[in-house]
Amino acid sequence: MNNHFTTPSADNCTSTIIFRPSLPQTILKPDYSASSFLTLAPYGTGKTLLRCEYYKSLRPYTYFKVLILNKEIDEYLQRFVNMKATSGADCDKEGCIMKWSSDEFGQLLLSLLVTQFVETFEKESLDLPDISLDEKIELITIMCYYYNEQGVSKLEKLVNSLLKKTDNSKYLVTKAVAQVIQNNNVYTDTHLFSHLKTDLRKLSALRQDEEKLLLLIAIVEGERVEIKALNTTLSNNVLNDLRHFALFMKKHVKKTAVFIIDGIDENRFFFNEKSVNKKSLELFCRSSLSQEIIAMVMAHNFYLSVFYPKIDGINMVDGIIRKDKFPVLVIKWNIKSLINYADYVLQEMNKNASSSRCKSFIDFKTLVNYSNPKNAEIINQISTPRVLHYFMQHLIEEMNYCANDVKEPFIATKENIYTAYETAAKSTFKVQFIKN
C-alpha cells in the first residue's frame, strides 16, 4: 500500500487521492470540460495536484491539450536571453529577461502548439482538411517557422500529406539543399533564403534551425509562390498567427487547444536559493495575461488554464479586465480543512490496506492526540498540505523509532509531535522563503 503522506510533491501526477472540498470548485467540472482561468496558490497548497487532475480530466477527443511546464518555459526564456545578449542589446541575463513581452509569450504558445500538432500527426495520422492552397501555404509557413524539434522528418511528413504529395513529388530538405548552393557545407544565401533567415531571427524565442527554412523554400518554389513568400513577414504578426493556427485546429482538426501552464515557481530565471526576482517574474506573468492574449481567450480561439504561485508583492491580475470571463481563483487552507484532508487521506489508505495484515488508521486528531493543548498548539501551525505531508512523513519515522517505548500504539506523544514538526519546518523552508 502506498502511503500518500510520504509523497510531499505531486510532480509525477500519479496520486489518486484528491480532496476536492478545498480546491476551486469551477475547475474540475462534472462534464470534464475545459475552462480559462488563473489559479493563484501559495507554495504547497495543491496547485500541481489540481493541475494534474485537471489535465487528466479533459476529454482528448474534444481538446488538444498543450502542457507547458518549467522545462518548456526555461527553454524559450534561455533562447530569448541568448539572442538578446548576442544581438547588441547590451544586457546581462537579468536585464535581457526584462525585454520579454506578450509577443514572446505568443511565440512560446504557438511554437509548442505547432510542435505538438506535428508530433501528434506522426503518431496518430490525423485527418487533414481539404482547404485552399493559399491557406495551406500560410499554415505550412507558420509550422516551418515555429516547429521546435531538431530535424524535420516529421514536419516533412505532415506538410506533404497536407499538400497531397506522394513518392517522387514529395518536398524534402535534401532536395532543397540543391537549390541553395553549398560551399564547404555552408549555405549560400539566395534572396528568399536571406529573407526567411532575417525574419526568423526577429522571433528571438524560437529555435533558429535553417533546415526548417530549406524545407519551406522547397515548398514555396515547388508551388510557385516565391513572390508571396518574399512579401510575407511572420515576425510582426505573432499573435495573429497564434489566433490563425488555433482556429485552424478548432475548425478543421475539430479540437480546441487548451494551454495548461504550471511549474513557473521552479524556474531559475525567477527563483534561486536566496531570493525571488519579483520584477522579472511579474513581467513574465503579465505577458501571459496580456489584453491581446486574453482577448483571444474571450473570443474562444483557445483555452488558457494558468497555475501560478501566489507571492506577496507581485501583482499579476491588473491586466485582466473581464474577471467574470477569466476568473482569478485562489487555493486557501485553514486548520479545519487540513484536518479534514488528513482524515480523508487516512480513510482512503484504510480502504486500500490489507484487512488481514494491517490495523486501520484512526482519525487524525486521535493519532496526534489533538486534545492535548500543547499538541494542538503545534498542529495548528501547519499551514498547507505540503507542510502536513512533511510533518506526517517525519511523524511516522518518530513513532516507528519509539514504538517499543510507548503505552498506546498509533498515538503520538508530545515529543513525537514536536520533533516531527521541527524537522518538517526545515524541509519546507521554501514555503517561508516564498511567503516572505
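In this note's numbering, the protein residues as written are 35 to 470. For glycine and all other residues, C-beta sits at the position ideal for the given N, C-alpha and C.
- Contact check for residue 210 against residue 176 fails: the beta carbons are separated by 7 Å or more.
- Distance from the CA of residue 300 to the CA of residue 343, rounded to the nearest whole angstrom, comes to 10 Å.
- A Cβ-Cβ distance of about 7 Å is found for the pair residue 365 and residue 73, placing them in contact under the 8 Å criterion.
- The C-alpha of residue 89 is placed about 24 Å away from the C-alpha of residue 278.
- In the assembly as shown, residue 228 is an exposed residue. Its beta-carbon has fewer than 16 other beta-carbons within 10 Å.
- Leaving aside the five residues that flank residue 369 on each side, the residues in its chain whose CB is nearer than 8 Å to its CB run, in chain order, 413, 414 and 416.
- Look at residue 171 here: in three-state DSSP terms it is helix.
- Under DSSP, the beta-bridge partners assigned to residue 295 are 102 and 340.
- The C-beta distance from residue 142 to residue 110 rounds to 5 Å, short enough to fall under 8 Å.
- A Cβ-Cβ separation of about 16 Å leaves residue 314 out of contact with residue 117 under the 8 Å criterion.
- In the DSSP assignment, residue 363 is bridged to 73.
- When Cβ pairs closer than 8 Å are counted between the two stretches, the region 261 to 280 is seen not to touch the region 304 to 323, the count staying below three.
- Judged by DSSP secondary structure, residue 313 falls within the alpha helix (DSSP H) whose first and last residues are 312 to 322.
- Residue 290 sits in a strand when the DSSP states are folded into three classes.
- Between residue 160 and residue 254, the beta carbon gap of about 24 Å keeps them out of contact (Cβ cut-off 8 Å).
- In the structure shown, residue 139 falls within a helical segment according to DSSP collapsed to helix, strand and coil.
- The beta carbon of residue 361 sits closer than 8 Å to the beta carbons of 60, 71 and 72 from its chain, once the five residues preceding and following it are set aside; these are given in chain order.
- In terms of Cβ geometry, residue 372 and residue 422 form a close pair [threshold 7 Å].
- Your pair residue 353 and residue 107 does not check out as a contact, with CB atoms roughly 19 Å apart and the cut at 8 Å.
- A residue is called buried once 16 or more other Cβ atoms fall within 10 Å of its Cβ, and residue 208, having fewer, is exposed.
- When secondary structure is reduced to three states using DSSP, residue 305 falls in the strand class.
- A distance of 7 Å or more separates the beta carbons of residue 193 and residue 147.
- Taking the Cα positions, residue 234 is about 30 Å away from residue 312.
- Under the three-state reduction of DSSP output, residue 97 falls in the strand class.
- Residue 379 has its alpha-carbon roughly 20 Å from the corresponding atom of residue 450.
- In this structure, DSSP gives residue 78 a state outside helix and strand, which the three-state scheme calls coil.
- With distances taken between CA atoms, residue 419 lies nearest to 53 out of 53, 48 and 46.
- For residue 407, the enclosing alpha helix (DSSP H) begins and ends at 407 to 413.
- In this structure, the alpha-carbon of residue 461 lies about 10 Å from that of residue 455.
- Sequence-distant Cβ neighbours of residue 149 in its own chain, meaning closer than 7 Å and more than five residues away, are 181, 182 and 183.
- With fewer than 16 neighbouring CB atoms inside 10 Å of its own CB, residue 46 falls in the exposed class.
- Where residue 278 is concerned, the enclosing alpha helix (DSSP H) starts and stops at 272 to 282.
- Contact check for residue 151 against residue 239 fails: the beta carbons are separated by 7 Å or more.
- Distance from the CA of residue 66 to the CA of residue 338, rounded to the nearest whole angstrom, comes to 16 Å.
- In the DSSP annotation of this structure, residue 333 is not part of any alpha helix (DSSP H), being labelled neither H nor E.
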